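Comments concern the structure below.
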Amino acid sequence: MTDHNTYPFDIARIRADFPILDQEAHPGKRLVFLDSAASSQKPRQVIDAMAAYYTRDHANVHRGIHVLSERATDAYEGAREKIRAFVNARSHREIVFTRNTTESVNLVAGSWGRANLGPGDVVVLSAMEHHSNIVPWQILAAERGFTIRYIPVTGTGELDLDAYAGFLRDDPVKLVSVLHVSNVLGTVNPVTEMIRDAHAAGALFMIDGAQSVPHLAVDVQALDVDFLAFSSHKMAGPTGLGVLYGKRAILEAMPPYMGGGEMIRRVTLEGSQWNDLPHKFEAGTPAIAEAVGLGAAVDYLGALGMDNVLAHERIIVEYAMDRLAEVPGLTIYGPDTDRRNGVTTFTLKDIHAHDVAQLLDAEGVAIRAGHHCAMPLHQHLGVPATARASFYVYNTKADVDALVEAIYNARKLFRF
Amino acid sequence: MTDHNTYPFDIARIRADFPILDQEAHPGKRLVFLDSAASSQKPRQVIDAMAAYYTRDHANVHRGIHVLSERATDAYEGAREKIRAFVNARSHREIVFTRNTTESVNLVAGSWGRANLGPGDVVVLSAMEHHSNIVPWQILAAERGFTIRYIPVTGTGELDLDAYAGFLRDDPVKLVSVLHVSNVLGTVNPVTEMIRDAHAAGALFMIDGAQSVPHLAVDVQALDVDFLAFSSHKMAGPTGLGVLYGKRAILEAMPPYMGGGEMIRRVTLEGSQWNDLPHKFEAGTPAIAEAVGLGAAVDYLGALGMDNVLAHERIIVEYAMDRLAEVPGLTIYGPDTDRRNGVTTFTLKDIHAHDVAQLLDAEGVAIRAGHHCAMPLHQHLGVPATARASFYVYNTKADVDALVEAIYNARKLFRF
Amino acid sequence: MDLYLDNIIDHGQNPRNFGPPLDPADIDYADDNPFCGDHLHLTVQLDDEERVKAVSWEGQGCTISQASASMLGEEMIGKTLDELKHFDKEDLLDLLGIQLSPTRLKCALLSLKVLKAGAYGLHTWTGDESEE
Amino acid sequence: MDLYLDNIIDHGQNPRNFGPPLDPADIDYADDNPFCGDHLHLTVQLDDEERVKAVSWEGQGCTISQASASMLGEEMIGKTLDELKHFDKEDLLDLLGIQLSPTRLKCALLSLKVLKAGAYGLHTWTGDESEE
Ligand SMILES: Cc1ncc(COP(=O)(O)O)c(C=O)c1O
Ligand SMILES: Cc1ncc(COP(=O)(O)O)c(C=O)c1O
């Protein structure tokens, strides 16, 4: 049970770590940042770690025989080890650095998918997926001729698990790829059971962890998941870096995704041999400083404790759900508080979500409006756009109060 | 004519901008950084611009309706505009952000190449290419069945232009992709004439500008080049960011490379429509802070003046060539000073290049040793590994003196 | 709160010339902005001198896009095709009387985009006239 | 200059047991490290008690890899197969008596990798025994 009145950590100290929060969005209007699901802010520990890296240690990594290159390699591979520990992967070789969640999914589609999927095969996605877990599969399906099935979304904003069971029973499913936490509905999908069932049916399972890894403890060995994709920039780390976890045996068997330096063992004019994992999938000079930054972010989150991060967010989300429920004309999308996390998405009578966001911005409250890269889900919801407030470790109940007050102001302006 | 005794800018002030240079590599040994061809150092203007971005302006870009998202979008698109101006592209829509040069090449191979190349077609590369401009084409050739021809390297370390003319005359060449400046030999290839001839033969031309864009003024309109690839981290900018320039009409006709958010206009469960350029090629949350950093780097280089950057490097390279020529047992690879830029690559009698690098490191001198991601070129040179000293705006003749002195020390230890 | 001036809200909530398509129509064009779900269908009748005689539009979207369509529709009436051709982004923004960020600019410009595409077949007009 | 101790340079420049392959050989294996161009071909003869009787290796590479092969070759002689099985990375580094960065570690370990692969068919041994 979460206690509504006690944050699990000292929120004032945390807010002091995020310098960006201490500003006015407009003259006299304190910045209230409720757009962390799009991209989170960074603590100074992360900003400083990257600046320190560039100020003292930078050189290209791997195979450099001088002190800076050794330090840079240690920093880069040390960050990989931190991230391995954060998701409890068995080996650092299972942690591949990419640009973002989107590239992680494209890597699996372009390498594993292109090698393993063909006519007759089925890939199962869901109707609540982010575009990054739909479009790569659509493009590949057009090329390779396999079939995509979408698990429908129920009236409560959850996955239709009967339909899922039906797909696994009736179709030659080779891969299931589903998001862990919805960036629109906040739904936390029952991935443990879904993975077990997929494996029983002989299918691999990939989790889009873009909205889960930043917010709750994800243990790839406990889940027995085959692939996990997530983004640094949503978990207090820098932009320009994503992660793909993959089980070693599966990654070993996959062809490379991009070709270039670092990913080869030997190149002749006639052909090439690939390097060991994870380098096989990291062509060219990697995002070194960004890995250092994500390492610092993971240290930061680890010091807070992911259970505390989750507990804190549950307090804020519960409070937001309660307060927003009072607002006349406001519709909230997604499941009940106990089955959701991180976001509250709503519409306000017939005011377009863009107008809502703009009016809230004028009050200093930063939310996101639109389809949140989930157009098919919005088609299902029957609205072209929604407004979304999303929360992270630095948000407070006072932020929720500011949101609700700004919504009341918007109602007044639109005279209802 | 370069004046050997006058640097074109105040070198002490420039060195003061690069805080990393002001340290000892080992106790009592000043750091002498001669590994910029692998990755350059960053001035504090770049480090500070990124820290300031995270401290004041960060949010996800595009379509956010709040003040931070607007500032982040302005910063990101503003950086694109700076880079457009830096290479003199006609439109910002022709500047695609990638992770590095390697990804830029893979993008062209995976999108343009997969759509346009098939059995009977020929792609022309050269035997002095970096692996990043060989391996993607080899992988695609295995899939699509076209043929790769390599322009041979002459005894002076230059491209065999007769062979090139022969390819264009005799083969159905669809694309020529060649590096502008060799990262091993320093050779500056005559791309203006090569592009003209490729176009006359009906082929497109791509430049690997990883070692030219950081060092000399590259004007894509004057060159009339079709694609240009380069990396931020080699031009005083951050890691995790690369650029692909492409002519608009060609990019418009290309299918997307990766699928996901940002790159689509509309997604349904049945299929998708692509977004406008450049977004069609930028799937997922981009490297926002990194673009800001590269923008600052381009401002920095622009303020120095690329002609001055080149003039400065020519002074250093000429001095290095002269001083290294005196060292008994030292072999320099590549053309004469007047046809090269940026690097001096050598071997020292029969001491393995790794031993040379290690011994130099002990003296504080950071060089790179190995095949420099150009194994085919090293096969041609007949040595498995070479030692490379490379130079940038912050290097001085004193750095070259330190290099030469350290080499003499290595000779002594190996008793020759 | 500078964006939501009284007249913007008024036009947004009480759009002028809003209604089913004219038939026959001299200009008939529809487009959308999938990011917002904004949609606009515009029909126009001209008189013998190629002046706009009647305008009708329907669609849905945010207040900015609806107000922009409403104000542009009013402005068009009585103008010649040639005058409309010279009517540009700046003129529309003057009409609206507000400053817009690039994101919201797209909302405001949908109506102009539909007009230009419908009247001149400029299907590739991106609303970004400054670029070549 | 800690890496280039006199004995390393001595073994590098005057490698022991360097020569053409033994024939017949009980162990015969070659591998390389393409990054450096280091190459090593090792042959070993055993006596009746499975003790190493003779070692011969040839190859090319940096001083560290050559010295490592030379020292390892000397060390092997007289040892049983079982003793060699327990000879690990740490033992080799003790022999060399130097601290190595991960990059140079690969140079030093090539000889051990060839020995392990040749003697036990451990073709996938990466020299990184700490990982599972
Ligand atoms: C000529 C050349 N091309 C391509 C590359 C690859 O650059 P990156 O590793 O940034 O992709 C390099 C860098 O070493 C290079 O020197
Ligand atoms: C559920 C989900 N998946 C994937 C993504 C894509 O992340 P990125 O843009 O970092 O690739 C997001 C981010 O919006 C997301 O919320």
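Residue numbers (my numbering), protein chains in the order written: chain A, 656 to 1071; chain B, 656 to 1071; chain C, 1048 to 1179; chain D, 1048 to 1179. Cβ coordinates follow ideal geometry from the N, Cα and C atoms, glycine included. Computed from a predicted model, the values in this text were never measured in an experiment.
- Pairing I702/A with A706/B, the inter-Cα distance amounts to about 6 Å.
- At a cut-off of 7 Å, the beta-carbon of L814/B does not count as near ligand 1: no heavy atom of the ligand is closer than that.
- Following the DSSP letters along the chain, one finds L1036/A inside the alpha helix (DSSP H) bounded by residues 1030 to 1036.
- Sixteen is the threshold: since fewer than 16 other Cβ atoms of the shown chains lie within 10 Å of the Cβ of G683/A, the residue is exposed.
- With its beta carbon at least 8 Å from every one in chain B, F1065/D lies outside the interface.
- E725, T728, D729, E732, R745, S746, H747, R748: these are the residues of the region 725 to 748 of chain B whose beta carbon lies less than 9 Å from some beta carbon of chain C, given in chain order.
- Spanning the alpha carbons of I803/B and L1131/C requires a straight line of approximately 54 Å.
- For L1142/C, the closest C-alpha among the options V1161/C, S1117/C, Q1107/C, P1149/C is that of S1117/C.
- Under the rule that a run must span 4 or more residues, the alpha helix (DSSP H) segments found entirely inside the region 662 to 696 of chain B read 666 to 672.
- No heavy atom of ligand 2 is found nearer than 7 Å to the CB of S781/A.
- For G1084/D, the closest Cβ of chain B is nearer than 8 Å.
- Ligand 2 has a heavy atom closer than 7 Å to the beta-carbon of H888/A.
- Under the three-state reduction of DSSP output, E981/A falls in the coil class, being neither helix nor strand.
- If you keep only unbroken beta strand (DSSP E) runs of at least 3 residues inside the region 789 to 821 of chain B, you get 802 to 806.
- Close partners of L1139/C in chain A (Cβ separation under 9 Å) are lacking, with about 18 Å as the shortest Cβ gap.
- Proximity of the region 740 to 750 of chain A to the region 727 to 744 of chain B falls short of the contact definition, fewer than three beta-carbon pairs being nearer than 8 Å.
- Looking at the DSSP output, N1080/C bridges to D1085/C.
- For V831/A, none of the residues of chain B pass the 8 Å Cβ criterion, the least Cβ distance being about 16 Å.
- The criterion of a C-beta distance shorter than 8 Å is not satisfied by G1108/D and D1075/D.
- The beta carbon of Q1113/D lies closer than 6 Å to those of G1059, P1062 in the same chain, with the five residues before and after it left out.
- When DSSP states are grouped into helix, strand and coil, K1126/D belongs to the coil group.
- The secondary-structure analysis by DSSP pairs G926/A with nothing; it has no beta-bridge partner.
- Only those residues of the region 1141 to 1163 of chain D whose C-beta falls short of 8 Å from the nearest C-beta of chain A are listed: S1148, P1149, T1150, R1151.
- Listed along the chain, the chain B residues whose CB falls inside 7 Å of the CB of P1081/C are R920, R921.
- Each of T710/A, D665/A, I666/A, H721/A was checked against the Cα of V1011/B, and the nearest Cα belongs to H721/A.
- Contact with chain C is found for G719/B, since one of that chain's Cβ atoms lies less than 8 Å from the residue's Cβ.
- Between R1023/B and T842/B, the C-beta gap is not smaller than 8 Å, which leaves the two residues out of contact.
- Counting along the chain, the unbroken alpha helix (DSSP H) around E907/B starts and ends at 903 to 908.
- Going by beta carbons, D1049/D and I1145/D fall inside the 8 Å limit.
- Following the DSSP letters along the chain, one finds T999/A inside the beta strand (DSSP E) bounded by residues 998 to 1003.
- Per DSSP, the unbroken alpha helix (DSSP H) holding I1062/A starts and ends at 1052 to 1068.
- The Cβ atoms of V763/A and L896/A lie no closer than 8 Å to each other.
- Counting only the Cα atoms, F936/B lies some 22 Å from D879/B.
- When C-beta distances to chain A are compared with 8 Å, the residues of the region 686 to 697 of chain B below that value are L686, F688, D690, A693, S694, Q696, K697, in chain order.
- Restricting attention to beta strand (DSSP E) runs no shorter than 3 residues, the region 909 to 970 of chain B encloses them at 919 to 922, 927 to 929, ordered along the chain.
- Neighbourhood of ligand 1, defined by CB distance below 5 Å to any of its heavy atoms: G939/A, T940/A, N755/B, T756/B, T757/B, H785/B, S787/B, L834/B, N838/B, D863/B, A865/B, Q866/B, S886/B, in chain order.
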